[in-house]
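Chemist: Under numbering that gives the first Met the number 0, the first residue of the sequence shown carries the number 0, and numbering increases by one thereafter.
Just dropping this structure here.
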Amino acid sequence: MSIGAHLIELRKRLMLAAAGLVLGMVVAFIITDPVIDWITGPIRYITAQRGDDFSALNFTNVTSAFDLRMRIAFSIGIFLSAPIWLWQIWAFIMPGLTRKEIRYTVSFVAAAVPLFFLGCWVGTLVVPHVIELMWTFTPDGAVNFYNATEYYDFVFKLMIVIGVAFVLPVFLVALNVAGVMSGKAIIKGWRVAVLIATVFAALATPAADVVSMLMLAGILIVLFFAAAGLSMLFDRRKARRALKAGLPGSTV
C-alpha cells in the first residue's frame with residue numbers, strides 16, 4: 000500500500016474507533032447515577048460518622064453536574080468500547096507484522112487486559128478506605144466540601160494507577176522477550192520489587208487497614224515473581240534453541 004492508502008485506511012479505522020467510543024459514552028451516560036452513588040459512598044459514611052450534613056459533594060458552577068456526568072461517561076465509554084477500538088488498532092497494524100510478532104502481541108494483550116481490569120477492581124476496594132482515611136485528618140469544626148470534578152479525578156486516577164501497577168509485570172516479560180532484560184536480572188531485583196510493592200500498597204491503603212495493604216502488596220509481589228519465573232523459563236528455551244543450533248557460548 001502507498002502512503003496515501005495507509006492514511007485512508009488510518010482515517011477509516013479512527014472513524015470506526017470514534018464511533019465505538021461515542022456509542023460507549025451514550026450507554027455509559029445512562030448509568031452515571033449508580034456510578035455517582037458508588038463514588039459518593041465514602042462521603043455518606045463520613046456524614047454518618049459526624050452525625051451531621053457537613054460533608055457533601057460540591058458543584059461549583061451551573062455546568063459542574065453535567066461536566067461530571069460527561070467525565071464519567073467518557074471514562075466508562077472507553078472501557079465499554081475497548082473491543083471496538085482495540086480491534087481497529089489491531090486491524091491497522093497486523094498486516095505489517097510477522098507471524099511471530101503477531102503471536103507475541105496477542106499474548107501480551109491477552110495477559111495485560113485482564114490484569115489491568117483486575118487492578119481496577121482492586122482499586123474499587125481501596126478507594127473508599129483512602130477517602131475515609133483522608134477525612135480523619137480534618138480538624139474539629141472544619142467542613143468537608145468535596146469539589147465534584149476534583150473528587151472524581153482523584154477516584155479515577157487512583158484506580159488507573161493501581162490498574163497499571165498490575166500490568167507492570169507483563170512489561171517485564173515483554174522486555175525479556177525483546178532481549179532487553181534476562182530472567183536472572185529481573186529476579187536479582189526482587190528486594191527492590193518487594194520494597195516498592197510494599198511502599199505502594201502502604202500509600203494506597205489506610206495505615207490502620209493492614210489486611211488491605213498486605214493483600215495489595217501480596218498480589219503485586221506474586222505477579223512480579225510470576226513474571227521473573229516466566230522470563231527465566233523463556234531464557235532456558237532460548238538457550239536450548241541456541242545449543243541445538245550450535246551457537247558458540249550457548250548454555251542451558
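We put the beta carbon where it would ideally sit given N, CA and C, even for glycine.
Quick check on L115: buried or exposed, where buried means 16 or more other Cβ atoms within 10 Å of its Cβ?
Modeler: Along the sequence shown, read from residue 1 onward, the residue named residue 115 stands at position 116. It is worth fixing the name first, because residue 115 is Phe in this sequence and not Leu. The residue is buried, with at least 16 neighbouring Cβ atoms inside 10 Å.
Chemist: Rounded to the nearest angstrom, what separates A177 and P113 at their Cα positions?
Modeler: To locate residue 177, count along the sequence shown from 1; it is residue 178. To locate residue 113, count along the sequence shown from 1; it is residue 114. The alpha-carbon atoms of A177 and P113 are separated by roughly 22 Å.
Chemist: If I77 and G23 are in contact, beta carbons under 8 Å, what's the gap, nearest whole angstrom?
Modeler: Looking up residue 77 in the sequence shown gives position 78. Looking up residue 23 in the sequence shown gives position 24. Going by Cβ atoms, the distance from I77 to G23 rounds to 7 Å, so yes, they are a contact pair.
Chemist: The beta strand (DSSP E) that contains N143, what's its start and end?
Modeler: As a working note, residue 143 is residue 144 in the sequence shown. Careful: N143 lies outside any beta strand (DSSP E) and carries neither H nor E.
Chemist: Tell me A55's beta-bridge partners as DSSP assigns them.
Modeler: Locating residue 55 in the sequence shown gives position 56, counting from the first residue. According to DSSP, which records beta bridges pairwise, A55 is partnered with F144.
Chemist: Cα separation between K11 and V25?
Modeler: The residue you call residue 11 lines up with position 12 of the sequence shown. The residue you call residue 25 lines up with position 26 of the sequence shown. Whole-angstrom Cα-Cα distance: 21 Å.
Chemist: Take the Cβ of M212 as the centre, count every other Cβ of all protein chains shown within 10 Å, and call the residue buried at 16 or more, exposed below.
Modeler: Residue mapping note: residue 212 aligns to position 213 of the sequence shown, counting from 1. M212 comes out buried.
Chemist: Run the proximity test for I130: is its beta-carbon closer than 7 Å to any non-hydrogen atom belonging to the ligand SAM?
Modeler: For the ligand SAM, the structure offers nothing, since it holds no ligand at all.
Chemist: Compare the C-alpha of L85 against each of Y103, V108, S63 and name the closest.
Modeler: Position 86 of the sequence shown holds residue 85. The residue with the shortest Cα to Cα distance from L85 is V108.
Chemist: Residues in the same chain with beta-carbon distance under 6 Å from M158, minus the five sequence neighbours each way, listed in chain order, please.
Modeler: Taking the first residue of the sequence shown as 1, we reach residue 158 at position 159. Result list for M158: C119, G122, in chain order.
Chemist: The alpha helix (DSSP H) spanning A4 covers which residue range?
Modeler: As a working note, residue 4 is residue 5 in the sequence shown. Where A4 is concerned, the enclosing alpha helix (DSSP H) stretches over 2 to 29.
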